[in-house]
Ligand SMILES: *Cc1c(COP(=O)(O)O)cnc(C)c1O
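Residue numbers (the working numbering): 111 to 494.
Dropping the structure here:
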């Protein structure tokens, strides 16, 4: 590797004042300790407690979405979001091939079929224009439902994912959903604190999912939440994630097969403390982008990905786009060898052995991006 990259790695290590800079670490202070200690001292560590209720209320308030249901992780949130949105066995669901595997897994848990579509180079997320073209080729309306002409299956929903906190272009997507009677379910796992035209992501879908895994912008250890503006769907989501137990002082009555997906109070306590710091995390991440932009001016063949025009992103993970002249793996090799942890983007879902037979659209941009995107250290830090 050349001198430019050596200078870059040294600058990153200096910035973080570390010999080895991880990709993303959680940031805690006394608040998390105080709230977790409170759980332990009072004995309220498990499936009910004041922090679960409080986190749900504060998430709704922060995102501007009417209701939030806290659950055990983001994958569970997606599973239940899709279920209450009405996805049924044998339905097809449009989703980007370029995403974390949880999106496709959650669809599969419902015996539904992921149908992979391409992403846009401007947002790194689902491309509404290409989706429209694809629907015109493979779709037809039958009894008010979009049907895949080749498989005969109903296409029920579309799940955009806001990659690394960059919102997809939602307006044209919403228009498509209306035209073709598709349910919109947002995978907002990476986009807490990201806005599309001034409105929080996760507030556009009929139902949406957040994740609070350890590497996300806010963590509860493990956790997630379902967001919706529909009280009935929120109540049903809560019911399904708490074993469908009918409330009663002592009796154990349940009215359908359901899940134990509730978030423990001790995790919610961490979340309440983290949420207070979220505006600071986002501010620091946005500043970090400017610092990286400056450092990368001196490195040939790479650009730092910036939020699309319609959006204010949370810059959860900083993203480099490498030009074709640069071999991704040699950059990864060099950065990781020299103390700057970096990672490629996910293997596209259509390349995983068990999803290879799933229906898919033209994936030219996905193909192009899969070898040219890498993430670099993104832990929020105070920069001058
Ligand atoms: C993190 C993430 C999820 C959910 O992950 P969990 O680890 O189950 O909380 C879902 N989709 C995407 C795109 C993610 O990045």
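Note that CB positions come from ideal geometry on N, CA and C, so glycine has one too.
- Message: Please report the straight-line C-alpha distance between residue 314 and residue 296, rounded to a whole angstrom.
- Response: Rounded to the nearest angstrom, the two C-alpha atoms are 7 Å apart.
- Item | Near ligand 1: residue 138 beta-carbon under 8 Å from a heavy atom | no
- Query: When the Cα atoms are used, what is the spatial distance from residue 396 to residue 140?
  - Reply: 24 Å
- Item | Counted within 10 angstroms of its Cβ, other Cβ atoms place residue 362 as buried (16 or more) or exposed | Residue burial is scored here from C-beta neighbours: residue 362 has fewer than 16 other C-beta atoms within 10 angstroms and is therefore classed as exposed.
- Item | Reference residue 335; option with closest CA among 172, 466, 491 | 172
- With a threshold of 8 Å, establish whether the CB of residue 228 neighbours any heavy atom of ligand 1. no
- Task: Give the secondary structure of residue 463 by DSSP, where H, G and I count as helix, E and B as strand, and everything else as coil.
- Result: helix
- With hydrogens ignored, establish whether the beta-carbon of residue 192 is closer than 8 Å to any heavy atom of ligand 1. no
- Following the continuous alpha helix (DSSP H) through residue 405, name the residue where it begins and the one where it ends. 375-406
- In the structure shown, what three-state DSSP assignment does residue 189 receive? helix
- Item | C-beta atoms of residue 347 and residue 149 nearer than 9 Å | no
- Query: In whole angstroms, what separates the C-alpha of residue 237 from that of residue 207?
  - Reply: Straight-line Cα distance between these residues: approximately 11 Å.
- Query: Under three-state DSSP, which class holds residue 120?
  - Reply: Helix.
- Message: At a threshold of 8 Å, does residue 271 count as lining ligand 1 (C-beta to nearest heavy atom)?
- Response: yes
- Coarse secondary structure for residue 210, derived from DSSP in three states: coil
- Item | Same chain, Cβ closer than 6 Å to residue 181, neighbours up to 5 away in sequence not counted | 187, 334, 351, 371, 373
- Message: Quick check on this structure: which residue in 271, 329, 136, 128 has the alpha carbon closest to the alpha carbon of residue 489?
- Response: 136
- Task: Indicate whether residue 415 and residue 431 have their beta-carbon atoms separated by less than 9 Å.
- Result: yes
- Message: Looking at ligand 1, does it come within less than 8 Å of residue 135, judged from the CB to the closest heavy atom?
- Response: It does not: the Cβ of residue 135 is nowhere closer than 8 Å to a heavy atom of ligand 1.
- Query: What first and last residue would you give for the alpha helix (DSSP H) that runs through residue 170?
  - Reply: 160-173
- Looking only at its own chain, which residues have a Cβ that is under 7 Å from the Cβ of residue 179, when we skip the five neighbours before and after it? Correct list, in chain order: 166, 335, 336, 344, 347, 348, 351.
- In chain order, each beta strand (DSSP E) run of at least 3 residues that lies wholly inside the region 301-329: With a minimum length of 3 residues, the continuous beta strand (DSSP E) runs that stay inside the region 301-329 are 317-321.
- Message: Counting only beta-carbon separations shorter than 9 Å, does residue 137 have a partner in chain C?
- Response: Absence of chain C from the displayed structure is noted, only one protein chain being present.
- Message: So, does the region 262-279 touch the region 196-215, judging by three or more C-beta pairs under 8 Å?
- Response: yes
- Query: What's the gap between the Cα of residue 465 and the Cα of residue 459?
  - Reply: Separation of residue 465 and residue 459 (C-alpha to C-alpha, rounded to the nearest whole angstrom) is 7 Å.
- Task: Could you tell me which uninterrupted beta strand (DSSP E) segments, each at least 3 residues in length, are contained entirely in the region 408-469, listed from first to last along the chain?
- Result: 412-414, 428-432
- Environment of residue 411 [buried if 16+ CB atoms lie within 10 Å]: exposed
- Reduced DSSP secondary structure (H/G/I, E/B, other) of residue 478: helix
- Query: If you compare alpha carbons, which of 469, 476, 478, 479 is closest to residue 224?
  - Reply: 469
- Which residues share a DSSP beta bridge with residue 236? 229
- Indicate, with yes or no, if ligand 1 has a heavy atom lying under 8 Å from the CB of residue 188. yes
- Query: Under the DSSP definition of a beta bridge, which residues are partnered with residue 472?
  - Reply: Bridge partners of residue 472: none, in fact.
- Give me whichever residues DSSP pairs with residue 294 in a beta bridge. 268
- Query: Can you tell which of 305, 327, 251, 449 has its C-alpha closest to the C-alpha of residue 233?
  - Reply: 305
- Just to check, is the beta-carbon of residue 299 closer than 8 Å to a non-hydrogen atom of ligand 1? yes
- Task: Name the residue from 290, 220, 230, 438 whose alpha carbon lies nearest to the alpha carbon of residue 252.
- Result: 290
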